[in-house]
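**Student:** Numbering (the numbering used here), first residue to last: 733 to 953. Glycine included, every Cβ here is placed at the ideal spot set by N, Cα and C. Please read all numbers here as calculations on a predicted model, not as lab measurements. Just dropping this structure here.
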Ligand SMILES: [Fe+2]
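Written out as structure tokens, the structure is:
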């Protein structure tokens with residue numbers, strides 16, 4: 733699959749606000765670290781008049797209300813976590829730079845969460861590119877910010893790319909997460925707070941057996 737990413741930042745421009753320790757963390761410690769990052773950086777503007785934290789909570793709330801399984805709810809909550817791991821500025825897309833936040837977030841979270849959580853995160857920008865190719869009216873219904881970032885992310889998939897995407901083992905999950913992502917942009921929408929999702933996240937943290945703690949990187953950058 734080819735991707736157009738005309739202006740990706742270098743890895744040295746990113747910084748993990750809670751760098752991984754070499755030792756293993758308990759599920760409670762993992763979730764505490766994630767929540768700390770949200771509390772430190774979740775005030776960043778997602779765009780569309782909601783913050784990153786509000787966007788995350790809204791997406792997870794929509795998924796929970798729809799009766800989705802835990803992995804989908806967690807993926808929704810964490811899908812834009814990569815936005816909290818770089819220091820490229822909140823309006824980076826307006827400057828023509830794709831932060832590749834979907835890869836940054838997925839690579840960071842893969843040390844703790846299973847593919848059912850992580851892969852839809854890694855795929856959520858491509859899911860938009862896919863739906864723009866395959867679903868009539870999808871592009872027009874996207875938020876202005878999502879429409880703007882589409883070109884930076886490579887534009888709509890080609891037919892060949894779309895076929896390849898459909899063969900991905902997490903294709904269905906990725907599209908489900910994307911649908912909630914597209915909805916979670918409601919200014920002032922009340923949601924449960926982060927703590928509501930603690931046990932759900934903890935239940936998904938896998939045993940960190942011999943998984944090295946990679947520093948955030950931007951594959952393909
Ligand atoms: Fe999002």
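At which residue ranges does the segment 768-839 contain complete beta strand (DSSP E) runs of 3 or more residues, listed in the order of the chain?
**Tutor:** Runs of the beta strand (DSSP E) inside the segment 768-839: 777-779.
**Student:** Is the segment 898-905 in contact with the segment 867-875, if contact means three or more CB pairs nearer than 8 angstroms?
**Tutor:** No, the segment 898-905 does not touch the segment 867-875.
**Student:** Which stretch, first to last residue, makes up the alpha helix (DSSP H) that contains residue 874?
**Tutor:** Taking the first residue of the chain shown as 1, we reach residue 874 at position 142. Taken as a continuous stretch (DSSP letters only), residue 874 belongs to no alpha helix (DSSP H), as it is neither H nor E.
**Student:** Assuming residue 703 and residue 910 make a contact with CB atoms under 8 angstroms, what is their CB distance in whole Å?
**Tutor:** Coverage of the chain is limited to positions 733 through 953, which leaves residue 703 absent and any answer about it impossible.
**Student:** What did DSSP end up calling residue 754 once you bin it into helix, strand or coil?
**Tutor:** As a first step, residue 754 must be located in the chain shown, where it is residue number 22. Unreliable placement is indicated for residue 754, whose pLDDT of 47 sits below 50; no coordinate value is reported for it.
**Student:** Is any heavy atom in ligand 1 found nearer than 7 angstroms to the beta carbon of residue 830?
**Tutor:** For this step, residue 830 is matched to residue 98 along the chain shown. Outside the cutoff, so no.
**Student:** Alpha carbon to alpha carbon, how far is residue 743 from residue 833?
**Tutor:** For the purposes of this step, residue 743 is taken as the residue at position 11 of the chain shown. For the purposes of this step, residue 833 is taken as the residue at position 101 of the chain shown. Only weak support exists for where residue 743 lies, its pLDDT of 38 falling under 50; the value from the coordinates is given anyway. One C-alpha to the other measures close to 12 angstroms.
**Student:** Under a criterion of Cβ closer than 6 angstroms to any non-hydrogen atom of ligand 1, which residues qualify, in chain order?
**Tutor:** Qualifying residues come out as 787, 811, 812, 913.
**Student:** Find the nearest neighbour of residue 875 within the set 818, 912, 762, 843, judged by alpha-carbon distance.
**Tutor:** As a first step, residue 875 is located in the chain shown; it is residue number 143 there, counting from the start. When only C-alpha atoms are compared, the closest one is 912.
**Student:** Assuming the contact rule is C-beta atoms closer than 8 angstroms, residue 849 and residue 785 should be a hit. Round their C-beta distance to whole Å, please.
**Tutor:** On the chain shown, residue 849 is found 117 positions in, with the first residue counted as 1. On the chain shown, residue 785 is found 53 positions in, with the first residue counted as 1. Between residue 785 and residue 849 the Cβ distance is about 18 angstroms, and since that is not below 8 angstroms, they are no contact.
**Student:** Using beta-carbon positions only, say whether residue 926 and residue 794 come within less than 8 angstroms of one another.
**Tutor:** To locate residue 926, count along the chain shown from 1; it is residue 194. To locate residue 794, count along the chain shown from 1; it is residue 62. Not a contact, by the Cβ cut-off of 8 angstroms.
**Student:** Give a yes or no on whether the C-beta atoms belonging to residue 854 and residue 838 are separated by under 8 angstroms.
**Tutor:** Translated into positions along the chain shown, residue 854 becomes position 122. Translated into positions along the chain shown, residue 838 becomes position 106. Their beta carbons are under 8 angstroms apart, which means residue 854 touches residue 838 by this criterion.
**Student:** CB-CB under 7 angstroms to residue 939, same chain, minus the five flanking residues each way: which ones, in chain order?
**Tutor:** Within the chain shown, numbered from 1, the residue matching residue 939 stands at position 207. So the list is empty, once near-sequence residues are dropped.
**Student:** In whole angstroms, what separates the C-alpha of residue 765 from that of residue 809?
**Tutor:** As a position in the chain shown, residue 765 is number 33, starting the count at 1. As a position in the chain shown, residue 809 is number 77, starting the count at 1. Computed Cα separation, rounded: 14 angstroms.
**Student:** I'd like to know whether the C-beta atoms of residue 852 and residue 905 end up nearer to each other than 8 angstroms.
**Tutor:** For the purposes of this step, residue 852 is taken as residue 120 along the chain shown, with counting starting at 1. For the purposes of this step, residue 905 is taken as residue 173 along the chain shown, with counting starting at 1. Result yes, Cβ atoms of residue 852 and residue 905 sit closer than 8 angstroms.
**Student:** Grouping DSSP H, G and I as helix and E and B as strand, with all else coil, what is residue 895?
**Tutor:** On the chain shown, position 163 is the one that residue 895 refers to. Three-state result, residue 895: helix.
**Student:** Cα separation between residue 791 and residue 916?
**Tutor:** The residue labelled residue 791 in the question sits at position 59 within the chain shown. The residue labelled residue 916 in the question sits at position 184 within the chain shown. Taking the straight line from one Cα to the other gives about 5 angstroms.
**Student:** For residue 931 versus residue 806, is the C-beta distance shorter than 8 angstroms?
**Tutor:** On the chain shown, position 199 is the one that residue 931 refers to. On the chain shown, position 74 is the one that residue 806 refers to. Result no, Cβ atoms of residue 931 and residue 806 do not sit closer than 8 angstroms.
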